[in-house]
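Single-structure report; data block below.
Structure representation (structure tokens):
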């Protein structure tokens, strides 16, 4: 049997002096105590019942099995209805572990890559995250499961408008969307705890590194169009020193620079 031992500091006897009662200073010893941690933020995250079994199977057989272990990321992938972010004609294939076309020459990434990149952002509730390449809005919805502070940029106007409408209709109301060239980031809301780029750049955009907080992380595919690229994790330490690490080979659509 075990029990919780009393602290000796809590067991004492008070003797009354003849000159009057003993006064205990309740503030004594409090000055050196750190302030209590802030409670995590709360925000609305929509929930969907349809095709829940498909989502859970996707997480179990495609994502967890391939090594993604972060419980918050796995739960986010199980919560977001991927079939709502693909064309209706492809809905039955929404939970296959493969990218799917979403129009305008763009794709929605395969579920494993979405989870893998999200895990490497190491998001905490309340972090501020920037996404470059909104696409259909799926990655932004996954990010919004982890923090309410999600900013996403799409350069193809029709896609960006459709994604913003879709996200609002589904109830992801904390996500802020913008139509712009993502190469330059979104300086108005910088710095960011994390940045994710869902299209391949020829090199790492300096503007994105500049908008990353000390201690922040940037996940970006880098390499030529139409060939195998490398998924790169960029980190900035608390002194502002930048390091990069190659994670795995990938194939992404290119980072578009012309607004259309």
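Residue numbers (the numbering used here): 748 to 1007. Where a beta carbon is used, it is the ideal one built from N, C-alpha and C, also for glycine.
Start-to-end residues for the alpha helix (DSSP H) that takes in residue i
i	result
residue 801	799 to 805
residue 962	It is not in any alpha helix (DSSP H) - residue 962 instead sits in the beta strand (DSSP E) that spans 959 to 969.
residue 858	858 to 868
residue 934	Here residue 934 belongs to no alpha helix (DSSP H), and DSSP marks it neither H nor E.
residue 883	That residue, residue 883, is in no alpha helix (DSSP H); it is neither H nor E in DSSP.
Same chain, Cβ closer than 7 Å to residue i, neighbours up to 5 away in sequence not counted
i	result
residue 844	809, 857, 858, 859
residue 1001	946, 947, 972
residue 790	895, 921
CB contact below 9 Å: residue i versus chain D
i	result
residue 841	Given the protein chain composition of this structure (a single chain), no chain D is represented.
Under 9 Å between C-beta atoms of residue i and residue j
i	j	result
residue 984	residue 992	no
residue 818	residue 849	no
residue 900	residue 933	yes
residue 798	residue 841	yes
residue 838	residue 830	yes
Neighbourhood of residue i by C-beta distance below 6 Å, restricted to the same chain and skipping five residues each side
i	result
residue 918	793
residue 1003	902
Neighbourhood of residue i by C-beta distance below 8 Å, restricted to the same chain and skipping five residues each side
i	result
residue 759	Low local confidence applies: a pLDDT of 32 at residue 759 is under 50, so the model's placement there is unreliable, and no value is given.
residue 963	938, 939, 940, 941, 942, 982, 983
residue 950	969
residue 904	926, 1006, 1007
residue 999	856, 945, 946, 947, 968, 976
Residue range of the unbroken beta strand (DSSP E) whose run includes residue i
i	result
residue 853	853 to 855
residue 842	Note, residue 842: premise wrong, no beta strand (DSSP E); not H, not E.
residue 1000	Careful: residue 1000 lies outside any beta strand (DSSP E) and carries neither H nor E.
residue 822	Not the beta strand (DSSP E): residue 822 falls in the alpha helix (DSSP H), residues 818 to 826.
residue 923	922 to 926
Nearest-angstrom Cβ-Cβ length linking residue i and residue j, presumed shorter than 8 Å
i	j	result
residue 787	residue 895	In fact, because the Cβ distance is near 10 Å, the residues do not count as touching under 8 Å.
residue 828	residue 795	4 Å
residue 803	residue 825	6 Å
residue 978	residue 995	5 Å
Contact test: residue i Cβ vs the ligand COA heavy atom, cutoff 8 Å
i	result
residue 832	Of the ligands one can find in the structure shown there are none, so the ligand COA has no counterpart to examine.
Inter-stretch contact (C-beta, 8 Å, three-pair minimum) for the region 868 to 888 and the region 944 to 956: Verdict: yes, contact present.
Between the region 791 to 810 and the region 854 to 869, are three or more C-beta pairs nearer than 8 Å? Touching, yes, given that three or more Cβ pairs across the two stretches are closer than 8 Å.
Between the region 906 to 923 and the region 937 to 946, do at least 3 Cβ pairs fall closer than 8 Å? Segments in contact, no.
The region 909 to 917 contacting the region 931 to 942, beta-carbon criterion three pairs below 8 Å: Judged by Cβ distances under 8 Å, the region 909 to 917 makes no contact with the region 931 to 942, as fewer than three pairs qualify.
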